[in-house]
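Undergrad: 70 is the number that our numbering gives to position 70 of the sequence shown; each next residue is one higher, with no gaps.
Quick one: structure below, then a few questions.
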Amino acid sequence: MFGKLFLGVILVFMVGCASLPATLVTKSKNPITDLTVILQHPQANKGKEVRLGGVIASIRNEQQQTRIEMVAMPLTADGRPVLHAQSQGRFIAYIHGFLEPLEYAKGRLLTVAGQFSGDEQGKIGNYPYTFPVVQVSGQQLWQVQQQIQLDDPFWTHQPCYSFNCDPWGNDLMMPNFGINGRIVERVVP
């Protein structure tokens, strides 16, 4: 009985951690989430639903819509771009209405859901590029949250190889007050 209850609690916790934001839900159960699939077969995927995300490269407000150029990155199950992942290429996301350029600034992480509508010719610097175009129906901006994760200083152990060692290998002359840590980055809404 306790085992089943414990397993149920763990499953509920895992599902809660990997839930897709409502703004990124599509009608299709399996939208295209890899830009390389579109780049390889653009005609076969035209009109299909997509969920793509990555880093904003540029933003331009037009009269009725906003054009966002994105550098595509792989996504997690809950739609978050994978930090420091290899780029899948670039695409254009058209979002109806005005978006604040300071909020949707270059370098921010964004995931969009919508429909692949075709290609648009453009340039990246002086290099000609064919951009897949997504007509966006939903979006989610993300932030990178940095935390310092500290190791427990009481469990850090530096072995002692001198005459000043106690029987457990600790240096009696140099107490270990060092705190070891590392920076951990997470993507959050």
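Quick reminder that beta carbons are idealized off the backbone N, C-alpha and C, glycines included.
The model shown is predicted, which means the values in this text are computed figures rather than measured ones.
Output needed for residue 75: all residues of its chain with C-beta closer than 8 angstroms, excluding positions within five of it in sequence on either side, in chain order.
TA: 33, 51, 52, 53, 81, 82, 111
Undergrad: Would you kindly work out how many angstroms separate the C-alpha atoms of residue 73 and residue 36, rounded to a whole number?
TA: 10 angstroms
Undergrad: Which whole runs of the beta strand (DSSP E) in the segment 51-93 are 3 residues long or more, in chain order?
TA: Entirely contained in the segment 51-93, the beta strand (DSSP E) runs reaching 3 residues are, in chain order, 65-73.
Undergrad: According to the neighbour-count rule (16 or more other Cβ atoms, all chains shown, within 10 Å of its Cβ), is residue 186 buried or exposed?
TA: exposed
Undergrad: Pull up the DSSP beta-bridge partners for residue 119, would you.
TA: Partner(s): 132.
Undergrad: Contact between the segment 19-27 and the segment 129-139 is defined here as three or more beta-carbon pairs at a separation below 8 angstroms; is this criterion met?
TA: yes
Undergrad: Which residues mark the beginning and the end of the alpha helix (DSSP H) in which residue 45 is found?
TA: In this chain, the alpha helix (DSSP H) harbouring residue 45 covers 42-45.
Undergrad: Using a Cβ-Cβ cutoff of less than 7 angstroms, which residues in the same chain neighbour residue 122 once the five nearest sequence positions on both sides are dropped?
TA: 129, 131
Undergrad: Quick one: any contact between the segment 41-48 and the segment 91-108, if contact means 3 or more CB pairs under 8 angstroms?
TA: no
Undergrad: Three-state secondary structure (DSSP) at residue 24?
TA: helix
Undergrad: Are residue 59 and residue 66 close, meaning C-beta to C-beta below 8 angstroms?
TA: yes
Undergrad: If you check the beta carbons only, do residue 188 and residue 145 fall under 8 angstroms apart?
TA: Yes, they are a contact pair.
Undergrad: Skipping 5 residues on each side, what residues in its chain have a beta carbon closer than 7 angstroms to that of residue 120?
TA: 92, 131, 133
Undergrad: Which same chain residues end up closer than 6 angstroms to residue 117 when comparing Cβ atoms and leaving out the 5 residues on each side of it in sequence?
TA: 133, 135
Undergrad: Decide if residue 183 is buried, meaning its Cβ has at least 16 other Cβ atoms within 10 Å, or exposed.
TA: With fewer than 16 other Cβ atoms within 10 Å, it is exposed.
Undergrad: Can you tell me the Cα-Cα spacing of residue 106 and residue 29, whole angstroms?
TA: 31 angstroms
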